Amino acid sequence: MEITTIKEKVSNVLTTILEHSNFEMSDELTAKDVDGWDSLSHMMIITKIEEEFDIRFKLRELNKLKNMGALVSLIQSKS
Amino acid sequence: MNLIFDIQKSIEEHYDRNAFCIGQEYHTYKELAQVISNIRSAIRSKIKGDETAIGLITNDDLQTYASIIALWLEGKAYVPLNPEFPLSRNHMIITQADIRTILDSSEENVFKDEHQTIATKELNTFPVDLTPLEVSKEDLAYIFFTSGTTGTPKGVPITFDNLSAFIDAFWALDYPITKEDRCLQMFELTFDLSVMSYLAPILKGACVYTIPKDEIKYSYIFELMEDYELTFSLMVPSILHYLRPYFEEIDCPSLKYSLFCGEALPLDVTQEWSTCVPNAAIANVYGPTECTIFCTDYTYVKNAENKTHNGVLTIGRDMKNTATIIVDNDNNEVAIGESGELCLSGAQLTPGYWKNETKNKEAFFYKNYKGKNIRFYRTGDLCNVDADGDILYLGRVDFQAKIQGFRVELSEIEFHAKVALDKVNAVAVAFTNAIHNTEIGLVIESDTIATKDLLEYLKTKLPAYMVPTQIKYIQNFPLNTNGKTDRKKLKEMFS
Numbered sequence: 009m010e011i012t013t014i015k016e017k018v019s020n021v022l023t024t025i026l027e028h029s030n031f032e033m034s035d036e037l038t039a040k041d042v043d044g045w046d047s048l049s050h051m052m053i054i055t056k057i058e059e060e061f062d063i064r065f066k067l068r069e070l071n072k073l074k075n076m077g078a079l080v081s082l083i084q085s086k087s
Numbered sequence: 037m038n039l040i041f042d043i044q045k046s047i048e049e050h051y052d053r054n055a056f057c058i059g060q061e062y063h064t065y066k067e068l069a070q071v072i073s074n075i076r077s078a079i080r081s082k083i084k085g086d087e088t089a090i091g092l093i094t095n096d097d098l099q100t101y102a103s104i105i106a107l108w109l110e111g112k113a114y115v116p117l118n119p120e121f122p123l124s125r126n127h128m129i130i131t132q133a134d135i136r137t138i139l140d141s142s143e144e145n146v147f148k149d150e151h152q153t154i155a156t157k158e159l160n161t162f163p164v165d166l167t168p169l170e171v172s173k174e175d176l177a178y179i180f181f182t183s184g185t186t187g188t189p190k191g192v193p194i195t196f197d198n199l200s201a202f203i204d205a206f207w208a209l210d211y212p213i214t215k216e217d218r219c220l221q222m223f224e225l226t227f228d229l230s231v232m233s234y235l236a237p238i239l240k241g242a243c244v245y246t247i248p249k250d251e252i253k254y255s256y257i258f259e260l261m262e263d264y265e266l267t268f269s270l271m272v273p274s275i276l277h278y279l280r281p282y283f284e285e286i287d288c289p290s291l292k293y294s295l296f297c298g299e300a301l302p303l304d305v306t307q308e309w310s311t312c313v314p315n316a317a318i319a320n321v322y323g324p325t326e327c328t329i330f331c332t333d334y335t336y337v338k339n340a341e342n343k344t345h346n347g348v349l350t351i352g353r354d355m356k357n358t359a360t361i362i363v364d365n366d367n368n369e370v371a372i373g374e375s376g377e378l379c380l381s382g383a384q385l386t387p388g389y390w391k392n393e394t395k396n397k398e399a400f401f402y403k404n405y406k407g408k409n410i411r412f413y414r415t416g417d418l419c420n421v422d423a424d425g426d427i428l429y430l431g432r433v434d435f436q437a438k439i440q441g442f443r444v445e446l447s448e449i450e451f452h453a454k455v456a457l458d459k460v461n462a463v464a465v466a467f468t469n470a471i472h473n474t475e476i477g478l479v480i481e482s483d484t485i486a487t488k489d490l491l492e493y494l495k496t497k498l499p500a501y502m503v504p505t506q507i508k509y510i511q512n513f514p515l516n517t518n519g520k521t522d523r524k525k526l527k528e529m530f531s
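Chains A and B, in that order, are what the protein sequence lines are. By the numbering used here, the letter at position 7 of the first sequence is numbered 15, and the numbering carries on one by one without gaps. By the numbering used here, the letter at position 132 of the second sequence is numbered 168, and the numbering carries on one by one without gaps.
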């Protein structure tokens, strides 16, 4: 899948779960930079991404998701 | 006070062993002793003798843990202040506890003026001295602030005597820790389960593994368990709910004891978890901050029947230094099997809320028990007890909720929401979400309105876990048969 498509889909997931779109989809974006992205919504975002892309993350992979860039390339490697 | 001497003895006996693993970095007991001594020396020169409650910024580093021990050696209490909590809330705590000095290991002081700050990362090296001062039983070890109904957090002071009674009762449970053990410390230091998680290992020369603040807790815990072969853990059940979709990937044969506290522990999740930790004894412990960390215990039995109510495991029986009774509205003990409010007494019980006589009159009472006039604490938990003495948790008698183990007074959220909404009515409810964790919802009695300002306001008044995650609107609140707002109906609006 194209990086831009993945980014767009991830952006939509964030908007749905967090109920706002006050963020810039850069590779350096981290949960800290986004309002409402805490451990609870993180779980919901991860689950939603798994659904959207029809993929499954391993628990160990979740710790490596340090920023948006890492998330997008992990999704790309799986889909 | 023996407890403090025991801490000194254990640190000195285990100099070569690791005391902490913080952010993948090990620190030995020798290092801990040095940092404690440096901080202690600063406390001696900068804090007056009559100053007993000292603020502590809760960072995840060696200095913060060393500060606790240093204060105890000097017979002083710590009051944890989470730098991520709203400033106004921390200021309320500082005022209430009459804090004049704050120990802070941050690069830049969290509190700038008014208070004296001791920057614990920038201290000179002093000779190691771990010999405690004379400490009396009534001296305070810590004051923790929990959610209060009127928008003001209430302080729970715990004495060294309370803490010693807890440690004594904990060892009596026979979930032993030795110097070979690797123990999880997953809690924010404003949560009293943290005390057990660092103190018990230190008393035995074991190693404490903490969670860096910027990590996602549940997945980091799993990595610590597997990669560092942890042997002992105390967790809140909500971690299990997060991990549940990944149970198949988890295999931690090294874990010997897996304790849960702070929320209801469902039997089915416990059963599934037991296959992830095949060699661990699993226990469900229970207790409010008022009765020092926890005070009842139940050991889960594998492949046999476990007592439950609505699928929730029993909280078991009183620990060694606690006596429990279940009472009706007139403080009379109810018969076996009948439900009532669980009340606690014994050596772990706090002397009473910090400077809050109104609350103390509500929450504590004296009652003749086994021929003695005993002071009891009302937990607000609805329970019953069976013929074996095992206590079943049925629910709350009031409007308190538990979010990731943190106690939340729904009325405190409503109080702040109503201020922001300018007289529009609002009700906060705690509901169970799809992964069986508790979330806070807010129902506003109005048409749909923009909530950005409301949420911004709440974030300046409440810790993040108390800020509602979902908001709904209704023209008029439904009423129940007593003519009161039907909170049950409002709760059904969330899923």
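We put the beta carbon where it would ideally sit given N, CA and C, even for glycine. Quantities reported herein were computed from a predicted structural model and do not represent experimental measurements.
Below 8 angstroms, enough C-beta pairs join the segment 276–296 of chain B and the segment 314–331 of chain B to call them touching: three or more. Two segments are said to touch when three or more pairs of C-beta atoms, one from each, lie closer than 8 angstroms; by this definition the segment 475–485 of chain B does not touch the segment 16–30 of chain A. In the three-state reduction of the DSSP assignment, residue 11/A falls in the helix class. Annotation: residue 127/B to residue 338/B spans about 48 angstroms, alpha carbon to alpha carbon. Of the residues assessed, residue 504/B falls on the buried side of the cut-off, its CB having 16 or more other CB atoms within 10 angstroms. Taken atom to atom, the span from the alpha-carbon of residue 59/A to that of residue 460/B is near 39 angstroms.
Contiguous alpha helix (DSSP H) elements confined to the segment 78–146 of chain B occur at 98–109, 123–132, taking only those with 4 or more residues.
In the same chain as residue 49/A, and ignoring 5 residues on each side of it, the C-beta atoms closer than 7 angstroms to its own belong to 25, 26, in chain order.
In its chain, beyond the 5 residues on either side, 65, 66 have a beta carbon closer than 6 angstroms to the beta carbon of residue 51/B.
Looking at 71/B, 196/B, 285/B, the one whose alpha-carbon comes closest to that of residue 163/B is 71/B. For the segment 280–296 of chain B, the beta-carbon criterion of a distance under 9 angstroms to any beta-carbon of chain A is satisfied by 281, 282, 285, 286. Residue state for residue 77/A is assigned as helix, using DSSP reduced to three classes. For residue 297/B, the three-state secondary structure derived from DSSP is coil.
Pairing residue 240/B with residue 46/B gives a Cβ-Cβ distance under 8 angstroms.
Distance between residue 242/B and residue 87/A, taken at the CA atoms: about 44 angstroms. Distance from the Cα of residue 180/B is smallest, within the candidate group 433/B, 80/B, 463/B, 390/B, for 390/B.
Residue nearest to residue 291/B within the set 169/B, 280/B, 269/B, 226/B is 269/B (criterion: CA-CA distance). Per the Cβ contact rule, the segment 388–406 of chain B is not in contact with the segment 220–228 of chain B (fewer than 3 Cβ pairs under 8 angstroms). Between the segment 252–272 of chain B and the segment 302–310 of chain B there are fewer than three inter-stretch CB-CB distances shorter than 8 angstroms, so the stretches are not counted as touching. Proximity of residue 66/A to chain B, defined by a Cβ-Cβ separation below 8 angstroms, is satisfied. Contact between the segment 383–401 of chain B and the segment 437–451 of chain B is absent: fewer than 3 CB-CB pairs across the two stretches fall below 8 angstroms. Taking 8 angstroms as the cut-off, the Cβ atoms of residue 137/B and residue 87/B count as close. Going by beta carbons, residue 448/B and residue 91/B fall outside the 8 angstroms limit.
By a beta-carbon distance limit of 8 angstroms, residue 93/B does not contact residue 124/B. Their separation comes to about 16 angstroms. Cβ-Cβ separation between residue 277/B and residue 471/B: approximately 5 angstroms, consistent with a contact (criterion under 8 angstroms).
Neighbours of residue 253/B in chain A, taken as residues whose beta carbon is under 9 angstroms from its own, are 47 in chain order.
Its chain contains 141 as the residues whose beta carbon lies nearer than 6 angstroms to that of residue 100/B, once the 5 sequence neighbours on both sides are disregarded; these appear in chain order. With distances taken between CA atoms, residue 135/B lies nearest to 152/B out of 152/B, 516/B, 531/B. Against chain B, a Cβ distance below 8 angstroms from residue 71/A picks out 251, 252, 255, 256, 259.
When C-beta distances to chain A are compared with 9 angstroms, the residues of the segment 446–471 of chain B below that value are 469, 470, 471, in chain order. Burial state of residue 515/B is exposed, judged by a 10 Å Cβ sphere holding fewer than 16 other Cβ atoms.
Separation of the CB atoms of residue 102/B and residue 83/B is rounded to 16 angstroms, and the pair is thereby denied contact status at 8 angstroms. In summary, no residue of the segment 302–322 of chain B has a CB separated from any CB of chain A by less than 9 angstroms. Contacts with chain A at 8 angstroms (Cβ-Cβ) do not include residue 437/B.
Residue 206/B is positioned such that its CB atom lies no closer than 8 angstroms to that of residue 177/B. Across the structure, residue 84/A and residue 77/A are spaced so that their CA atoms are roughly 11 angstroms apart.
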